[in-house]
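Protein chains in written order, with my numbering: chain A, 960 to 1359; chain B, 960 to 1359; chain C, -7 to 407; chain D, -7 to 407.
A virtual CB, placed ideally from N, CA and C, is assigned to each residue, including glycine.
Computed from a predicted model, the values in this text were never measured in an experiment.
Below is the structure:
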């Protein structure tokens, strides 16, 4: 892959939001076609990268704008309203950057933050399947001749588009212990095979396929501590999760905008409603208000939670991180429900004529339904309830 | 207490329903006043008893009409729409009759069924408080000199009005085992103290107070096996529970009827609605439809479940009883929700003027809120889910 | 009937037309009907996911359906049919649609039209058309017209000419028309009255176009029908305009079939959710459990879905039983209204549980259930598309108006 | 201020009238206001259940409130007040109403009227009235009229006579009037225009009757006010009729206080639920658990209630911040509409969570929580009664109309 042109340098939160809005207007145009024909968004990703947004969370000390989590969530929701897949692709990029920020050495930060500001994209290779437990099998082997990664990963959103694939690996430590690391593997390294075998019915062009690592050589300086960053309170979990919340929220708002357009321009009034135009139907107006309000409630919790994440990043401790995780879990509860609601009501309010394949409006539901399954929202309730009822802090992992 | 006049003999399901409707019209008149002033319904209970309904479940073999559970549920719901307390008072009466039918000796059945057809009412003394577990402390002591009951019970609905108080007692058996029995204790026996200390905010005139038993002499032939009737599959549990469902359903329908009346006759139209009369408000109409539908759904499940109970009574086995318990649990889920919904929407649709104390319309909410707490509906979902997902039969006790 | 050869299935599928009906089986009892439906469902179920994915029309399955005799179960006894109850008809649709709601939906208008025939047909019309049905012929339906205006607006015309009656118009959403021997359509006659005209599928000027492109119920072929100067006999016209004045049950009967289809979709979604949780889902890491099926949060949801489903089905069967009861005696404005209200109740609940179950299926089953191989999103797509004919929000309004103001629902095919 | 003696509390309570305002504390910062509210809340909380049960009016508590200076926190800087943000005002109401929503509701109209004064008052009026408020005087409100007709219908009149202006009319639901030094009321002037007339509580012809008998918010004394030929100065009349033409924020400000009260009720209900589960509830026998607080079905509900509460509160604070922002610049029709929509969002969610939490409280706490001694049903009674001023169903409609059709909400005190 050729060295990409150096992106614009984002310098403020306002600039980031403006860039997101302008990209969203661009991305929305062919979003339906990309989904329908499963066209991977290579060109869009080039423009997305060139905007500088992928470097906007880099700390000021390393030359970035260090935009707030509130802004990051807004950026992602804005993109998601236009194209759910394009919003999800950089989620793992920002995730890896947060792991790096929290657990990387000065050296590693200097190197990778700079690569990102220069336009490198990070994918991910975290999840594995085939085991009913959640333990990982992909290993980091430290041979005298060099370090190697060996294993197979699934649901690797963004890997296919990335210059680097941060890969969750397990290594043997002294005294029979193991520890986990995030190894930043070059996409172009010998032994890396990225397979575009993602065939979920939604988020179809995220390139969330599988990656095979066959004795892939990695340099020790590419290996960032992972487990260590969960042994102490850090914001990796809530930071990862709030981006998921923002994606679902954005897809929901996208569906809501389609609803308004369709009802205004194309729906016909219901026989028994006694009104001339569909947009005058009092029961439709009531339900439009309902969908809008549920989206607003979700949005309010996303912004609230992002504030907690920002606070915990500034002063991470048991309490601040737990509060952030809980606030983000609450946001995910409402974004999940509101996103699904908006995607479903789009049709109830628009009517049968909105179901034609050429309009492909079901992509909102397919996207939000697929993406909201990342981790089960049912267990968010347990975490939130346990925190408020019993004062129990949530477990520390990337999914809370 | 004087021997009551012999009640009318109910001879058919249709006659039972007709009697219930006529009583409901009677009971509805002063229901609000009884609640507000906490007037115990002594006279109403005399008329209720005289109707013959309290003997209507007595098996045909023992001279009763053996009305179906479907009819029994309808009778109770009909009374509950008029007065929630009056509907609850005989619940334990019918419960004790079912325990008798399932576990009593021929002799016992002949005696107590006849007493009931003659007008005797049964109360209950089942629950105890003060322990965090659910084990019972009230004991049956079998002295050589005679059998005695000793202990204290709470939530004894109906005891104050009864001729007999079926009391759940524990007795030592051989080999260090214990077993439980339902001892039919005469209300007037020496050592029985009924205290009207029920002060819940709803179902205020059920007389659900406490009963103290101080070395109360009972005859062996008054003691009916209890535990034994749960060691094998019997309908005691679902039969008890469906009456609770019918009570909540009836209260809900009562609240719904009040809603219709109030909106038609007294509500004013909302400022922004643009209609002349409150009953023309399209959003009100939508919500009236919603409340009605949830009540209908609950009613459909009550009738469905009652059919399962009838079937299980005819042929009790592991499967038929489990199916009945599950169907009744499903009914209770919807009656709980629908009853509360109707009682709350009464005000939303009627407006502030419906909240005046003189109308006492909040009694529907207070009644249904109090009565739906008999056992937690949250665990009904677990029972139903476990049955359908894992094929697990529900536990056997009186609360499922 | 003769099975088409496998060669027919490639490429020519869209041009395939109904086989001439010869000798359908005669079903005589409710039990036989349920048994036949259950047997047919096993056949429908096998290829349902593939037909959805590849948009293969269920021709063989539909011919098998006709051969089974299920198409004639509502034909009155006096015309040689078994006149089975609507409860049975509803159960048939539930069973077939749990297996494949696209194939199962195809006969929906068949029965709606038969109900209209019973209400409005002359004795001669009944004699003639019922005989065709008993033979195994299928009735489709030319759906509404398109446009932003009221859904009831009609420009299709039947005109008397020197050569006899001629039908001209263009209709959409015509479920079953492609598979049908008879294609009835709404039209306006020379006196401006609403009528239903029955056109033969092979009459000159009849064109059925499979341009149904919705994302759900993909293989219903609910496409376009064009009528261009189609010659029609005077006996092929039913006086629908009378229904506006004369209370009938064809509206509620047409609707209850819709509700039954949605109940079938809901049942299939819940069954697939349960199957996936039992056999494939992994327990969530924070649950501390070995099996997803022991997760109390999953158990709760299954409890909820089963309860709502049972309520929907109970109201569906209540409504069907009421329709059976009401159709046994002369229909009045009052009984027609009661029927519409009862069916509206069932329709709302079946709609809601079909949507909810097909969406929650994934909450319970997890991410891996989204893989294309499982084809499980078809439940939601089917539920969503099939429940849009008539908005449930106005069903609530209808129920509210009936109870609060004693208002009778308007009489049309969606009430 | 001097505390009334205990003797005053018996029997004479209903006849008690406001003490002359002397020297209220001057609050100058947001932090001071929150601190004062928190301190006062501790005092309100103590007797709240008893006051509800015995219907004891919170006279001492209200005098303590006035002395705290909280009544003057919105007085503009140019008139000597701290001009604290609406965010702070909203938080104050949440804090007070979580402790006792009846006592906490009493000042609601005080601030609504002050917002109207700010929008419509003349400089002289502002000077005069704000000075009273800074001293610690309270404003009540004479509520709407009664009857089946439209809620905005007005028969209260202010008439010019030879002896000056005279006010006559009868108003209901007059929260705070009994405790107030000033009682403003809507009236129609001789030119048929809507005005607001400020009457002194002790002016001849003013009669405040504590006939509020609702089952909730029992000690707000939201009763009847009668005006009979009450003499009024020309400076005591505000031209409300201008509000219909001139966009303002007094409607949304009046509404947001209502939403804050409901948020307080919701918070108290959730807190009581949590406390009861932790300290008193016993585990359900089928749960196999030692403590109710470990029951996953209870934990789920707490998770749900907390999440909905946080969302409601977040929208409430968003709306307050938006009102602060919009009131810093000239109000336009567009910004007034935005304000109404934002407040409607908060109002719906606070209503819903207040009702849901106060009802679910018992699901979580169980039967024993219904005992009279706990007085826990007051939360639901308070929530239900306080959320009926204006139906949330039309709030949804308002939000839908704004987004779908760009329609601006009608401007009145409930939007």
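* Inter-stretch contact (C-beta, 8 Å, three-pair minimum) for the stretch 1073 to 1087 of chain A and the stretch 1115 to 1133 of chain A -> They touch, by the three-pair rule.
* Alpha carbon to alpha carbon, how far is residue 1313/A from residue 1297/A? -> Using only the alpha carbons, I get a separation of about 20 Å.
* To do: Assess, as a yes-or-no matter, whether the stretch 207 to 221 of chain D is touched by the stretch 83 to 103 of chain D under the definition of 3 or more beta carbon pairs within less than 8 Å.
  => Cβ pair count under 8 Å is three or more, so yes.
* With a cut-off of 7 Å, does the C-beta of residue 1241/B fall near any C-beta of chain E? -> No chain E is present in this structure, whose protein chains are A, B, C and D.
* Asked: Are the C-beta of residue 960/A and some C-beta of chain B separated by less than 7 Å?
  -> Low per-residue confidence applies at residue 960/A: pLDDT is 48, beneath 50, and the placement is therefore not dependable, though the value from the model is reported in the following sentence. It does not; no Cβ of chain B falls within 7 Å.
* To do: Taking only runs that begin and end inside the stretch 323 to 363 of chain C, name each unbroken beta strand (DSSP E) of 3 or more residues, in chain order.
  => Whole beta strand (DSSP E) segments, 3+ residues: zero.
* Asked: At a CB-CB cut-off below 8 Å, which residues of chain D make contact with residue 362/C?
  -> The CB of residue 362/C never comes closer than 8 Å to any CB in chain D; the least such distance is about 25 Å.
* Any chain C beta carbon closer than 7 Å to residue 1115/B -> Cβ-Cβ to chain C under 7 Å: no for residue 1115/B.
* Return the first residue and the last residue of the beta strand (DSSP E) that residue 276/C is part of. => Run containing residue 276/C: none; DSSP gives neither H nor E here.
* Asked: Between the stretch 240 to 254 of chain D and the stretch 325 to 344 of chain D, do three or more beta carbon pairs fall short of 8 Å?
  -> The stretch 240 to 254 of chain D, when compared against the stretch 325 to 344 of chain D, does touch it at the 8 Å Cβ threshold.
* **Contact list for residue 337/D against chain A, beta-carbon separation under 7 Å** => Residues of chain A passing the Cβ test: 1252, 1255.
* Give the C-beta separation of residue 1260/B and residue 252/C to the nearest angstrom, bearing in mind that I take them to be a contact with Cβ-Cβ under 8 Å. => So it is not a contact: roughly 19 Å between Cβ atoms.
* To do: Would you verify that the beta carbon of residue 1233/B is, or is not, closer than 7 Å to some beta carbon of chain D?
  => Chain D contact via Cβ: absent.
* Asked: Which ranges does the alpha helix (DSSP H) cover as unbroken runs of at least 4 residues, wholly within the stretch 1152 to 1217 of chain A, from first to last along the chain?
  -> For the stretch 1152 to 1217 of chain A, whole alpha helix (DSSP H) runs of length 4 or above, ordered along the chain, are 1187 to 1190.
* Opening and closing residue of the alpha helix (DSSP H) in which residue 267/C lies -> Where residue 267/C is concerned, the enclosing alpha helix (DSSP H) stretches over 242 to 271.
* How about residue 1028/B and residue 1268/B: do their beta carbons lie closer than 7 Å? -> Going by beta carbons, residue 1028/B and residue 1268/B fall inside the 7 Å limit.
* **Straight-line Cα distance separating residue 59/C from residue 1301/B** => Their Cα atoms are separated by approximately 49 Å.
* **Element boundaries [alpha helix (DSSP H), containing residue 1008/A]** => From DSSP, the alpha helix (DSSP H) with residue 1008/A extends over 1001 to 1009.
* Asked: Who are the Cβ neighbours of residue 1131/A in its own chain at under 7 Å, not counting the five residues just before and after it?
  -> Short of 7 Å from the beta carbon of residue 1131/A, and not among the five residues preceding or following it, lie these beta carbons of its own chain, in chain order: 1137.
* Starting from residue 376/D, find everything on chain B with Cβ-Cβ shorter than 9 Å and list it in chain order. => The contacting residues are 1303, 1306, 1307, 1314, 1321, 1324.
* Asked: If you draw a straight line from the alpha carbon of residue 366/D to that of residue 1339/B, how long is it in whole angstroms?
  -> Roughly 27 Å separates the two Cα atoms.
* To do: Along the beta strand (DSSP E) that carries residue 948/B, what are the first and last residues, could you check?
  => This structure cannot speak to residue 948/B, because chain B is shown only from 960 to 1359.
* How about residue 1158/B: is its C-beta nearer than 7 Å to some C-beta of chain D? -> Residue 1158/B counts as touching chain D.
* To do: Give the residues from the stretch 1341 to 1359 of chain B that approach chain C closer than 9 Å (Cβ to any Cβ), ordered along the chain.
  => Those residues of the stretch 1341 to 1359 of chain B that come within reach of chain C (Cβ to Cβ, closer than 9 Å) are 1341, 1342, 1343, 1344, 1345, 1346, 1347, 1348, 1349.
* How many Å lie between residue 1049/B and residue 46/D at the Cα? -> Rounded to whole angstroms, residue 1049/B to residue 46/D spans 33 Å at the Cα level.
* Name the chain A residues that come within less than 8 Å of residue 359/C, Cβ to Cβ? -> By Cβ distance, chain A contributes 1114, 1159, 1329, 1332, 1333.
* Span separating the alpha-carbon of residue 1183/B from that of residue 1335/B -> Within the model, the alpha-carbon separation for residue 1183/B versus residue 1335/B is close to 28 Å.
* To do: Output the distance between the C-alpha atoms of residue 1041/B and residue 1213/B, rounded to the nearest integer angstrom.
  => For residue 1041/B and residue 1213/B, the distance between alpha carbons rounds to 6 Å.
* Asked: Per DSSP, what kind of secondary structure is residue 51/D in: helix, strand or coil?
  -> Residue 51/D falls in the helix class under three-state DSSP.
* Determine the chain A residues that contact residue 298/C at a beta-carbon separation under 8 Å, and present them in chain order. => Within 8 Å of the CB of residue 298/C, no CB atom of chain A is found; the nearest one sits about 17 Å away.
* **Alpha carbon of residue 237/C to alpha carbon of residue 970/B, nearest angstrom** => C-alpha separation (whole angstroms): 45 Å.
* Proximity test, Cβ basis, 7 Å: residue 101/C and chain B -> Not closer than 7 Å to any Cβ of chain B, the Cβ of residue 101/C fails to qualify, so no.
* To do: Using only alpha-carbon positions, find the residue among 69/D, 151/D, 298/D, 86/D that is nearest to residue 1345/A.
  => If we check each option's Cα against that of residue 1345/A, 298/D comes out closest.
* Asked: Along the stretch 274 to 299 of chain C, what residues have a CB closer than 8 Å to any CB found in chain D?
  -> For the stretch 274 to 299 of chain C, the set of positions with a beta-carbon nearer than 8 Å to some beta-carbon of chain D reads 288, 289, 292 in chain order.
* Could you tell me which of 55/C, 61/C, 54/C sits nearest to residue 28/C, measuring between CA atoms? => Among 55/C, 61/C, 54/C, the Cα nearest to that of residue 28/C belongs to 61/C.
* Asked: Is any beta-carbon of chain A found at less than 7 Å from that of residue 1249/B?
  -> So no, residue 1249/B is outside the interface.
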